[in-house]
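Notes follow once the structure below has been shown.
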Amino acid sequence: MTRVKGFFLRVLPALAAFALAPTLPAQAREVAASCDNARFLAAQSDFENGGAHGDRAVHICGRVIAVSPRAHRTRSGVHGYFYVDVGQGVSIRIVSNLDEMNAPAWPWVHKGDEADVIGRYYYDSPRRQGIDWTHRGTSRKWDVPGSITVNGNRYE
Numbered sequence: 058m059t060r061v062k063g064f065f066l067r068v069l070p071a072l073a074a075f076a077l078a079p080t081l082p083a084q085a086r087e088v089a090a091s092c093d094n095a096r097f098l099a100a101q102s103d104f105e106n107g108g109a110h111g112d113r114a115v116h117i118c119g120r121v122i123a124v125s126p127r128a129h130r131t132r133s134g135v136h137g138y139f140y141v142d143v144g145q146g147v148s149i150r151i152v153s154n155l156d157e158m159n160a161p162a163w164p165w166v167h168k169g170d171e172a173d174v175i176g177r178y179y180y181d182s183p184r185r186q187g188i189d190w191t192h193r194g195t196s197r198k199w200d201v202p203g204s205i206t207v208n209g210n211r212y213e
């Protein structure tokens, strides 16, 4: 009996999270009309403190503090990466799928540029998190279109 009880104690939290999962995407997909770094920082803090995981729509802005000098080929295409300072000593990696966008050759963003980003915030771990803005916004999994404005130039 103790063995069965232990099994249910281990499985019950996962079942509860699974039952709540259908309600999370609707909340997670509401994106602010203007830059809302405080909302992003709250989502990041929630993830880091064990809150419900799942992608969240975010709208952040800030100064570019670092740029990967070359594009990287991944299993989902060619990507460029840069980091934006969102305040309170926090920076976040911005992921640009270069195969999905019409932009100049990489890097088209530079240290010191101002960036305004609407995208899908993912959190796998403290070292594996970022905002991917180059999704089309047409799938059932993610229906919020992303965009970025760098120094007044908008990309979708």
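Residue numbers for the sequence shown follow my numbering, so the first one is 58 and each next one is one higher.
We treat Cβ as the ideally placed atom computed from N, Cα and C, and that holds for glycine.
Taking the runs of the alpha helix (DSSP H) that are 4 residues or longer, which of them lie wholly in the stretch 148-206? Counting only runs of at least 4 residues, the stretch 148-206 fully encloses no alpha helix (DSSP H) element at all.
Going by DSSP, what residue range makes up the beta strand (DSSP E) through D142? Walking along the sequence shown from the start, residue 142 turns up at place 85. DSSP places D142 inside the beta strand (DSSP E), whose first and last residues are G134 to G144.
For N210 and A162, what's the separation of their Cα atoms in angstroms? Here the question's residue 210 lines up with position 153 in the sequence shown. Here the question's residue 162 lines up with position 105 in the sequence shown. Rounded to the nearest angstrom, the two C-alpha atoms are 14 angstroms apart.
Are V152 and G187 touching if we call contact CB-CB under 8 angstroms? Counted from its first residue, the sequence shown places residue 152 at position 95. Counted from its first residue, the sequence shown places residue 187 at position 130. Cβ distance < 8 angstroms, so V152 and G187 count as in contact.
Residues near C92 by beta carbon distance below 8 angstroms, same chain, minus five either side: To locate residue 92, count along the sequence shown from 1; it is residue 35. The residues are H116, I117, C118 and D173.
Reducing DSSP to helix, strand and coil, say where A100 ends up. As a working mapping, residue 100 is identified with position 43 in the sequence shown. Reduced to three states, the DSSP call for A100 is helix.
Per DSSP, what are the beta-bridge partners of H116 in this structure? Taking the first residue of the sequence shown as position 1, residue 116 is located at position 59. Beta-bridge pairing links H116 to I175.
Beta-carbon within less than 6 angstroms of A83's beta-carbon, same chain only, minus the 5 sequence neighbours each way: which residues are those? By 1-based counting over the sequence shown, the position of residue 83 is 26. Confidence at A83 is low in this model, with a pLDDT of 45, below 50, so its placement is unreliable and no value can be given for it.
So who's on the other strand from V124, going by DSSP bridges? Along the sequence shown, read from residue 1 onward, the residue named residue 124 stands at position 67. Answer is F139.
Under 8 angstroms by Cβ, that's how I've got P183 and V124 pegged, so tell me the actual separation to the nearest angstrom. Reading the sequence shown from its first residue, position 126 is the one you call residue 183. Reading the sequence shown from its first residue, position 67 is the one you call residue 124. With 8 angstroms as the limit, P183 and V124 do not qualify as a contact, their Cβ atoms being about 22 angstroms apart.
Grouping DSSP H, G and I as helix and E and B as strand, with all else coil, what is N210? Sequence index remark: in the sequence shown, residue 210 carries index 153 (1-based). In the structure shown, N210 adopts extended strand secondary structure according to DSSP, grouped into three states.
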